[in-house]
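Here's the structure we're looking at; comments come further down.
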């Protein structure tokens, strides 16, 4: 996001020093677990929208969030990101996204 300052790991730790250190999210897949969601970059609207799968996501064990693994980072600022639950393996990725 333009204009939003990013904190270094050390600065972020200082900003929340009263909290226990949490692991930093990585883009490594979780071994032995299939992704529960797909991550898509969407350009356009409605039936003319163009969906591009850019990664995968896994639900946290406590169900309160997601870990993301992105294969690509979109450079098109006019698009949006969508995270969708995976459907049955028999369907194609394109069908699962819509």
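In this note's numbering, the protein residues as written are 5 to 102. Think of the CB as a built atom: it goes at the ideal place given N, C-alpha and C, for glycine as much as any other residue.
> Residues in its own chain within less than 7 Å of residue 52 by CB, not counting five upstream and five downstream?
Replying inline: So the list is empty, once near-sequence residues are dropped.
> If we count the other Cβ atoms within 10 Å of its Cβ and call it buried at 16 or more, is residue 61 buried or exposed?
Replying inline: buried
> For residue 58 versus residue 45, is the C-beta distance shorter than 8 Å?
Replying inline: yes
> What are the complete beta strand (DSSP E) segments, minimum 3 residues, inside the region 37–75?
Replying inline: Those beta strand (DSSP E) runs which fall completely within the region 37–75 and span 3+ residues are 41–47, 54–63, 70–74.
>> Between the alpha carbons of residue 84 and residue 47, how many angstroms are there, rounded?
In response: 7 Å
> What's the C-alpha gap between residue 69 and residue 92?
Replying inline: 22 Å
> Using DSSP with H/G/I as helix, E/B as strand and the rest coil, what is residue 77?
Replying inline: coil
>> So if DSSP puts residue 89 in a beta bridge, which residue, or which two residues, is it bridged to?
In response: 41
>> So residue 87 and residue 43 are supposed to be a Cβ contact under 8 Å. How far apart are they, rounded?
In response: 5 Å
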